[in-house]
Amino acid sequence: MPLLPLENTVEHLENIISNIRRNAWIAKERSIVVTNELTQDESAAIQLYTMEWKPDNQSFYIHINTALREANRDKLTPFLSYLKLVLTALWKLPSIKTTVWGGVKGDLSAQYPIGKEFIWWGFSSCTRLRKFLEQDKFLGTAGVRTLFRIECETGKSICAHSYYKTEDEILLLPATRMRVISQMDSNNGVIVIQLKEIKSPFPLLQSPFN
Numbered sequence: 149m150p151l152l153p154l155e156n157t158v159e160h161l162e163n164i165i166s167n168i169r170r171n172a173w174i175a176k177e178r179s180i181v182v183t184n185e186l187t188q189d190e191s192a193a194i195q196l197y198t199m200e201w202k203p204d205n206q207s208f209y210i211h212i213n214t215a216l217r218e219a220n221r222d223k224l225t226p227f228l229s230y231l232k233l234v235l236t237a238l239w240k241l242p243s244i245k246t247t248v249w250g251g252v253k254g255d256l257s258a259q260y261p262i263g264k265e266f267i268w269w270g271f272s273s274c275t276r277l278r279k280f281l282e283q284d285k286f287l288g289t290a291g292v293r294t295l296f297r298i299e300c301e302t303g304k305s306i307c308a309h310s311y312y313k314t315e316d317e318i319l320l321l322p323a324t325r326m327r328v329i330s331q332m333d334s335n336n337g338v339i340v341i342q343l344k345e346i347k348s349p350f351p352l353l354q355s356p357f358n
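In terms of our numbering, the numbers along the sequence shown are unbroken and rise by one, the last being 358.
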């Protein structure tokens, strides 16, 4: 599959995602100055992933992650050209071994028993700062919440290429394999689940350069 300009990678998505061509253009215009030896299109592909649509549930990252998690792989076909571009960009960034945080509203502890191994098929946006998730636009400080404390081995720091430059965002790639290490209920509505990234016996995500 050839590496295409960003605007060409989203051509097949116009009937699925509103304003996709417009936002791809905005991302590319904002990526004129690039770092990490990425091309303008590669940097813009990361930026497009981080952009928020209105309403939020129409954001591009929601659509592509839904497709990545689908058992029916045909759902992923319209995204393949974009995936080739964004994975090429992410492959050029150094992998980071660090502790990151992610989370969702609600109690997911029953889905993550200690010792369980599983694969996250979608991209996972995380942060190095737990308090960042306490902002109202994310999880807030009220209600039941599940926080994931993740020891990642192959995270990608995308701050320099994000639409939101002030967010210290670490992106975990699709097909990342995890093991549940521990659970802790802090009795204030927050359940903390500790995860550790582990290697799969066989690579589930092939290099875009192959």
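We treat Cβ as the ideally placed atom computed from N, Cα and C, and that holds for glycine. Keep in mind it's a predicted model, so treat the numbers as computed, not measured.
Would the beta-carbon of residue 157 fall within 8 Å of that of residue 260? Here residue 157 is taken as the residue at index 9 of the sequence shown, counted from 1. Here residue 260 is taken as the residue at index 112 of the sequence shown, counted from 1. Result no, Cβ atoms of residue 157 and residue 260 do not sit closer than 8 Å.
Residue of 251, 268 and 219 minimising C-alpha distance to residue 291: Counting from one through the sequence shown, the residue named residue 291 turns up at place 143. Cα-wise, what sits closest to residue 291 is 251.
Could you round the C-beta distance between residue 294 and residue 255 to whole angstroms and report it? I think they count as a contact, below 8 Å. What you label residue 294 is simply residue 146 of the sequence shown in a count that begins at 1. What you label residue 255 is simply residue 107 of the sequence shown in a count that begins at 1. About 6 Å; that satisfies the 8 Å criterion.
Nearest-angstrom Cβ-Cβ length linking residue 325 and residue 355, presumed shorter than 8 Å: Indexing the sequence shown from 1 puts residue 325 at position 177. Indexing the sequence shown from 1 puts residue 355 at position 207. With a Cβ gap of about 17 Å, residue 325 and residue 355 do not count as contacting.
Whole angstroms is fine: what's the gap from residue 357's alpha carbon to residue 150's? In the sequence shown, the residue the question calls residue 357 occupies position 209. In the sequence shown, the residue the question calls residue 150 occupies position 2. Those two C-alpha atoms are separated by around 11 Å.
Just mark residue 296 as buried or exposed, buried being the case when its beta carbon has 16 or more other beta carbons within 10 Å. As a first step, residue 296 must be located in the sequence shown, where it is residue number 148. Per the 10 Å Cβ criterion, buried.
Select from 170, 164 and 233 the residue whose C-alpha is nearest the C-alpha of residue 152. Counted from its first residue, the sequence shown places residue 152 at position 4. If we check each option's Cα against that of residue 152, 233 comes out closest.
Let's see if you can read the secondary structure: which residues bound the beta strand (DSSP E) around residue 173? One-based indexing of the sequence shown puts residue 173 at position 25. Where residue 173 is concerned, there is no enclosing beta strand (DSSP E), although the alpha helix (DSSP H) it sits in stretches over 168-177.
Could you say which of 323, 317, 339 and 171 lies nearest to residue 246 if we only look at CA atoms? Locating residue 246 in the sequence shown gives position 98, counting from the first residue. Nearest option by C-alpha distance: 317.
C-alpha distance - residue 236 paired with residue 285, whole-angstrom precision: Numbered from 1 along the sequence shown, position 88 holds the residue referred to as residue 236. Numbered from 1 along the sequence shown, position 137 holds the residue referred to as residue 285. Each residue's alpha carbon lies about 30 Å from the other.
Based on Cα-Cα distance, which residue from 307, 263, 223 and 228 lies nearest to residue 345? Taking the first residue of the sequence shown as 1, we reach residue 345 at position 197. Residue 263 is the option with its Cα nearest to residue 345.
Under 8 Å, with one C-beta from each stretch per pair, do the stretch 298-318 and the stretch 270-286 reach the 3-pair mark? yes
CB residue 161 to CB residue 226, shorter than 8 Å? Against the sequence shown, residue 161 aligns to sequence position 13. Against the sequence shown, residue 226 aligns to sequence position 78. Contact flag set, yes.
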